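Beneath this line is the structure, given in structure tokens, with notes to follow.
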Amino acid sequence: GESVGLHLPTLSVQEGDNSIINCAYSNSASDYFIWYKQESGKGPQFIIDIRSNMDKRQGQRVTVLLNKTVKHLSLQIAATQPGDSAVYFCAEMGWGSQGNLIFGKGTKLSVKP
Amino acid sequence: DTAVSQTPKYLVTQMGNDKSIKCEQNLGHDTMYWYKQDSKKFLKIMFSYNNKELIINETVPNRFSPKSPDKAHLNLHINSLELGDSAVYFCASSQGIRDSAYEQYFGPGTRLTVT
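These protein sequences, in sequence, are chains A and B.
The letter at position 61 of the first sequence is residue 61 when you use our numbering, and the numbering goes up by one with no holes.
The letter at position 78 of the second sequence is residue 1078 when you use our numbering, and the numbering goes up by one with no holes.
The following block contains the structure:
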């Protein structure tokens, strides 16, 4: 069964606000985590990744936080823009899994102008 | 200059037919994947090939058969199509299967509808 899930299936935010998308994972052996963005009618697009030896990683307007104690992953988007509207997936991979990414259910982010 | 391309983008067919979806990547990657995304947006890996060799084969019916003629191509052939096969199928590729080489690039998807 799935080992990765999301707390909020939908999230609606005002343009300019910060967004936080959460993800819970159950496999403590997972050591690599990725966030993907999927726009309507397109394939998933890599946003940011983090390894289990880190608890925070920042990109351009995005930050991923990893809390291994409670097996929780979050994606923070600063100054959310209409172009950020999409479905966001977290995915995990365990050591030795040979590239087998396990995706969570996805959260739909809607940005109101 | 599309990195990962799939054909066709839409495929409508009847139950019992056999169909193929083609995937090509021009990134020079040595690992390619097929994923299935259902109507609830759940994305699940089906197959993975590394240097033309099968390395992941999830629980997928034998009616699905991937074929990798070379490192740049991974095609998906489906026999005796069933209604439950209706989904969006994504091809992806990556340079490796671990860590910093792992970033997977996805194609635009093929929406398969079985009637």
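Ideal placement from N, C-alpha and C gives every residue a C-beta, glycine not left out.
Quantities reported herein were computed from a predicted structural model and do not represent experimental measurements.
Inset, instruction - Anything in the region 1040–1064 of chain B with a Cβ closer than 9 Å to a Cβ of chain A? List those residues in chain order, please. - result: K1040, K1041, F1042, L1043, K1044, I1045, S1048, N1050, I1055, I1056, E1058
Legend entry - Whole-angstrom C-beta distance between A:G43 and B:V1106, which should lie under 8 Å: The residue you call residue 1106 of chain B lines up with position 106 of the second sequence. The residue you call residue 43 of chain A lines up with position 43 of the first sequence. In the sequence under discussion, the amino acid at residue 1106 of chain B is Phe, which differs from the Val named in the question. Rounded, the Cβ-Cβ distance is 3 Å, consistent with contact.
Legend entry - Per-residue burial, A:G104 [other beta carbons within 10 Å of its own, 16 or more giving buried]: Locating residue 104 of chain A in the first sequence gives position 104, counting from the first residue. So A:G104 counts as buried.
Legend entry - Interface residues of chain A facing B:G1109 [CB-CB closer than 9 Å]: Translated into the one-based positions of the second sequence, residue 1109 of chain B becomes position 109. Within 9 Å Cβ-Cβ: G41, K42, G43.
Inset, instruction - Can you tell me the Cβ-Cβ gap for A:S19 and A:I77, rounded? I've got them flagged as a contact below 8 Å. - result: Here residue 19 of chain A refers to the residue found at position 19 of the first sequence. Here residue 77 of chain A refers to the residue found at position 77 of the first sequence. Confirmed, about 4 Å.
Legend entry - Beta carbon of B:Q1095 nearer than 9 Å to that of B:Y1102: Indexing the second sequence from 1 puts residue 1095 of chain B at position 95. Indexing the second sequence from 1 puts residue 1102 of chain B at position 102. In contact: B:Q1095 and B:Y1102 (Cβ atoms closer than 9 Å).
Legend entry - Straight-line Cα distance separating A:T69 from B:K1009: Taking the second sequence and counting its residues from 1, one reaches residue 1009 of chain B at position 9. Taking the first sequence and counting its residues from 1, one reaches residue 69 of chain A at position 69. Distance between the alpha carbons of B:K1009 and A:T69: 42 Å.
Legend entry - Alpha-carbon to alpha-carbon, B:L1076 and B:K1022: Indexing the second sequence from 1 puts residue 1022 of chain B at position 22. Indexing the second sequence from 1 puts residue 1076 of chain B at position 76. Looking at the two C-alpha atoms, the distance is approximately 6 Å.
Legend entry - Alpha-carbon spacing of B:I1078 relative to A:A86, whole angstroms: On the second sequence, residue 1078 of chain B is found 78 positions in, with the first residue counted as 1. On the first sequence, residue 86 of chain A is found 86 positions in, with the first residue counted as 1. Take the alpha-carbon of B:I1078 and the one of A:A86: they are about 30 Å apart.
Inset, instruction - With 7 Å as the C-beta to C-beta threshold (strictly closer), list the residues of the region 80–109 of chain A near chain B in chain order. - result: V87, F89, Q98, G99, N100, L101, F103, K105, G106
Inset, instruction - Could you check what DSSP says for A:P113 in three-state terms: helix, strand or coil? - result: For the purposes of this step, residue 113 of chain A is taken as residue 113 along the first sequence, with counting starting at 1. A:P113: coil per DSSP, three-state reduction.
Inset, instruction - Leaving out five residues on either side along the sequence, give the residues of the same chain with a beta carbon under 6 Å from the beta carbon of A:K56. - result: Position 56 of the first sequence, counted from the first residue, corresponds to residue 56 of chain A. L65.
Legend entry - CB contact check: B:E1024 to chain A, cutoff 9 Å: Translated into the one-based positions of the second sequence, residue 1024 of chain B becomes position 24. B:E1024 does not count as touching chain A.
Inset, instruction - Verify the CB distance criterion: does B:E1103 have a CB-CB separation below 9 Å to chain A? - result: As a first step, residue 1103 of chain B is located in the second sequence; it is residue number 103 there, counting from the start. It does; some Cβ of chain A falls within 9 Å.
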